[in-house]
Amino acid sequence: MKRILLTYIFTLLAILSYGQHKPVDIIKDTSDLSNLSIEELSKMKSRYAATDMEKTISLAIEAASRKPLTMRKSPSIISVITEEEIERSGARDLMDIIALIPGMEFNVDVEGVVALSFRGLWSNEGNISLQINGMEVNEIAYASLQFGNHYQVSQIKKIEIIRGPGSAIYGGCAEYAVINIITKKGEDLKGAAINTNIGQTAETYSRQEIGLSVGDKIKDLSYSFSGMVARAQRSNGTYTDVYNNSYKMPGNADLKANYFNIGMKYKNLSVQFIYDNYQTTNRDNILGIMSRPYSMNFLSGMTQVKYNKQLNKKLQLQLKLDHKYSEPWTFTGQPALIDSEYGSYRLIANTYKANIGILWDPLYWMNVNCGIEGYNDRGHLTMNQVFRTDSTNEVSYMNYAPFTQILMKTPYANITVGARYDISTAFGSAFNPRLGITKKVGIFNFKLLYASSFRAPAIESIQYGVDNMKLKPERSNTLEFEASVKMRKDMYLSVNFFDITTTDAIRYFVKTDSVITGFPDGYRNSDKKIGSQGVEVEYRYKSSFGFINLAYSYYTIRNKSVDDANMVPGNKSMTLGTAQNKLTVLASINVGKKLFISPSVNFIDKRFGYSSVDANENGILTEYKPQLLLNAYLGSSNLVKNCSLGLGISNITNERIIYPQAYSSLHAPLPGMGRDLYLKVNYKLPFNQKQQDQ
Amino acid sequence: MSKIYIKALIVFFSCISAASCYGQSYDPKENSVYIYNFIKYTSWPQKKSVIHVGIVGNSQVEEELKRLFSKKTSNGTTYTVKKITSAEAKTVDVVIVAQQASEQMRSIEQQTARTPVLIITEKENMARQGACISFFIDEENDYKTGYQLSIRNCKARGLSVNEQIQNNAVLTR
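So the sequences go chain by chain: A and B. The first sequence maps to residues 44 to 737 in my numbering. The second sequence maps to residues 214 to 386 in my numbering.
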């Protein structure tokens, strides 16, 4: 199947690339320019009719560099997903969008949480930084992420994904990648909107979501509010643990989200607040199926204040203050006796962060950014519990990080040199340099990138070291090369290669290991040099018919080691739970003037995991067959005035979707959603209908 | 692994070979007004009553400039526009190098080194080859036309450009 798919895709690419190229598109007008001065010419609107594709690849990327640069100039490997692509894909939640990104896959963690692997490496705790408008939303205790019915998709304007390290900018939570969600601001909303998203499977409802947003820009003041209340089911299937016990997931695997985001900007000052209350429900605990479902709560409140002051033409001052409140993995109920492994837990954690920097253009070919960031992580365990290492219920860690970045435009290439040096009271220090060389040659663009990055041990990993071991930061060195070509004004192709080497990987020993090793469970630094190598391809074609986006990724660990926890016994090229090949295609085709249909394909190659145990309770390795997910979405952006609606069917063939565990903890694969029929409606009430009509 | 790499490269390069070769997308009308202003606000060592503009290669700007100059004079200065070869570059006051003729810059530079000839290229980043002004399309600014200015190259040719030109330029070496 893999070969057929690849052949099909290659052929499609070749056919499409031979299209006729149109002459240069200049906006035609009869205006007389001949009397304009240079200044007037410079202020004039662009005379060039850029295609949607050109506009996409020239979007300013905020996450890849301290100074926004276009996708091709940014010193990172980047995927961008626009508002239009999100709307036309019919994405039900953030998982549907991230599933389209090369190299990114979902795996089950524990307590009903599904999180990310990237380039074959399990990446849930501090390896990937998820941000909303630049605010990191990883919880504080473990720096983990939770996916599935989480975050408000209808309010996303753009998602920038840095498929590569980001520690030189963002520190110890961005070792492998950065996902920055940019939400709609007042100037984008200019009114109120209400949206709903409801889904149904043969067995149960799959999703019920209602959202609201309001925003506008009045002179120098811009404000926005958006929020949602949503509940969904992880799966309509049946979970079977490694001991062959089962339970039906509908009603036992609820995912609930209450979320809102308030933003305000006045001149150079901006303030943002995010409230996020997310809850999973599950019965699949580490040691087996529990007698009844339990809920796990993740509460966060984040505030950011930003102030930029242009001191003169060449110098800008940037100030940023952040506060994050986090109550992750909270369970305060009373477990039934049989489920006593499922203990009560409530950690209250706060992060206070200050960042001051300058952006300076000392020479016409040089931009310098430097500054310092300091933050304080505080954790407080309630319910008469104490942290294991310090035997106290209060911990506090300080981190200081001077940083710098220099962008140089030279005749030979654009060069980015940067570094960040983190000094922590918890884990010592980590120096993270980066070097990026980008070069445009006609329609081609090349990037050669090197970056050192790290994962900082979070509060619970610091306090839960095996034998009170003091954890070192996990360190990675990543080398990447990208070649891209704007094949036509409406067609773009990029191919990149990567090589990641990680040392001192922070891994968790589970109880099952302690039987074998004699260690108690807890975190430790792996003595293996883990990592992966591979290739990723992104192809985008956008024209009057609609668009086609194609993404392919491949990884191998053949030239690297792997930690025992992630090893597939007898296989030297794969890690546990992840597929070496992944291919996604998203197309959106206009049907008449008001309708569009968006079919999509998500192919994940074979994976390995543990679904059962032998008589000695050793896991029996299982090969999971490749997974082919077919979806379709029929939508309209203006069938009824101010209203966009769509009807989608996800997993048309009712393929058995699974999220295997990416480490050996004897958690059987968690089933995903089967065939799902859903409806999305978004109704806008513009404050100025005339302006909207124009 | 190696097979996949090879497949990826084959696809990539086959697509590249199929890619249409299009150059920068300028509006000749807009560029001709820019050029008129560049000439108007450039001072030559000796005052000129007639400024001769030569165009190397095929450019749509030629027709636009002819049309523009037919109705323009500045302080009694008149203009002529004609197509020239790179060998004739030193016989004019302004050389415009068409996008497709950019490889002739080396020869033009050799012909006109240290002489008061204002060299304007349609291709970007030509200052190192001796261009005074190079047009570019600013992808970061809605694909607007912009220009790079090399004050050093202008000075080396005895030309001075006024603030109007400098203020709106992207300065280069």
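We put the beta carbon where it would ideally sit given N, CA and C, even for glycine.
| Check | Outcome |
| --- | --- |
| In terms of alpha-carbon separation, which member of 104(A), 484(A), 569(A) and 695(A) lies closest to residue 675(A)? | 695(A) |
| Looking at residue 270(B): is its Cβ nearer than 8 angstroms to the Cβ of residue 295(B)? | no |
| Do residue 386(B) and residue 365(B) have their CB atoms nearer than 8 angstroms? | yes |
| Please report the distance separating the alpha-carbon of residue 316(B) from that of residue 305(B). | 19 angstroms |
| Which residues in the same chain as residue 348(A) place their Cβ atom closer than 6 angstroms to its Cβ, once the five residues preceding and following it in sequence are excluded? | 314 and 364 |
| Measuring alpha carbon to alpha carbon, tell me which of 173(A), 183(A), 181(A) and 229(A) ends up nearest residue 221(A). | 173(A) |
| Say whether the stretch 651 to 668 of chain A touches the stretch 614 to 621 of chain A, bearing in mind that this needs 3 or more beta-carbon pairs closer than 8 angstroms, one atom from each stretch. | yes |
| Apart from the five residues just before and just after residue 116(A), which ones in its own chain have a Cβ nearer than 7 angstroms to its Cβ? | 457 and 481 |
| Please give the ranges of any beta strand (DSSP E) in the stretch 201 to 227 of chain A, keeping only runs that are unbroken, at least 3 residues long and fully inside the region. | 220 to 226 |
| Can you look up residue 32(A) in the DSSP assignment and give me helix, strand or coil? | Nothing can be reported for residue 32(A): it is not among the residues displayed for chain A, which extend from 44 to 737. |
| Of the choices 308(A), 132(A), 109(A) and 540(A), whose alpha-carbon is the least far from that of residue 524(A)? | 540(A) |
| Should residue 733(A) be labelled buried (16 or more other beta-carbon atoms within 10 Å of its own) or exposed? | exposed |
| I believe residue 338(A) touches residue 379(A) by the beta-carbon criterion, under 8 angstroms. Please report the beta-carbon distance rounded to the nearest angstrom. | The pair is not a contact, with the Cβ atoms about 14 angstroms apart (cut-off 8 angstroms). |
| Does the stretch 404 to 415 of chain A come close enough to the stretch 445 to 452 of chain A that 3 or more CB-CB pairs lie under 8 angstroms? | yes |
| Residue 137(A) lies in the alpha helix (DSSP H); which residues open and close that run? | 137 to 141 |
| Could you spell out the range, first to last residue, of the alpha helix (DSSP H) harbouring residue 417(B)? | Residue 417(B) lies beyond the range of chain B shown here (214 to 386); nothing can be said about it. |
| By a C-beta neighbour count over all protein chains shown, 10 Å radius and 16 as the cutoff for buried, is residue 588(A) buried or exposed? | exposed |
| Going straight from the alpha carbon of residue 351(A) to that of residue 309(A), what length do you get? | 11 angstroms |
| Is residue 274(B) helix, strand or coil when you go by DSSP? | helix |
| So, at 6 angstroms on beta carbons, what are the nonlocal neighbours of residue 593(A) in its own chain, with the 5 sequence-adjacent residues on each side left out? | 582 and 628 |
| Quick one: residues in its chain with C-beta nearer than 6 angstroms to the C-beta of residue 318(A), no 5 flanking neighbours on either side, listed in chain order? | 303 and 344 |
| Check the C-beta distance from residue 548(A) over to residue 606(A) and give it rounded, since I have them as a contact under 8 angstroms. | 6 angstroms |
| Is the stretch 241 to 261 of chain B touching the stretch 723 to 731 of chain A, taking contact as three or more C-beta pairs under 8 angstroms? | no |
| Since residue 720(A) and residue 243(A) are thought to touch, with beta carbons under 8 angstroms apart, how far apart are those beta carbons, to the nearest angstrom? | 5 angstroms |
| Could you tell me the distance, in whole angstroms, from the CA atom of residue 131(A) to the CA atom of residue 642(A)? | 10 angstroms |
| Residue 246(B) versus chain A: which residues are under 8 angstroms apart at the beta carbon? | 76, 77, 79 and 84 |
| Strictly by DSSP, which residues pair up with residue 432(A)? | Answer by DSSP bridge pairing: none, since residue 432(A) is not bridged. |
| Checking 8 angstroms against the spacing of the C-beta atoms, do residue 183(B) and residue 340(B) come in under that value? | Outside the displayed span of chain B (214 to 386) sits residue 183(B), for which this structure offers no information. |
| Can a CB atom of chain B be found closer than 8 angstroms to the CB of residue 556(A)? | For residue 556(A), the predicted model reports a pLDDT of 49, less than 50, meaning its position is unreliable and no value from the coordinates is stated. |
| Mapping the DSSP letters down to three states, classify residue 120(A) as helix, strand or coil. | coil |
| Keeping to the same chain, check which residues put their C-beta closer than 7 angstroms to that of residue 425(A); ignore five residues upstream and five downstream. | 389 and 391 |
| Going by C-alpha to C-alpha distance, which of 609(A), 595(A), 564(A) and 551(A) sits closest to residue 574(A)? | 609(A) |
| Starting from residue 413(A), trace the beta strand (DSSP E) in both directions and tell me its first and last residue. | 409 to 424 |
| Using a Cβ-Cβ cut-off of 8 angstroms (strictly less than) and excluding sequence neighbours within five positions of residue 168(A), which residues of its own chain qualify? | 185, 186, 187, 498, 501, 504 and 549 |
| Residue 326(A): buried (16+ other C-beta within 10 angstroms of its C-beta) or exposed? | buried |
| Kindly list the residues whose CB is nearer than 8 angstroms to the CB of residue 235(B), restricted to its own chain and excluding five residues on each side of it in sequence; keep chain order. | Because the pLDDT at residue 235(B) is just 47, under 50, the model does not fix this residue reliably, and the value given afterwards should be weighed accordingly. Cβ neighbours of residue 235(B) beyond the five flanking positions: none. |
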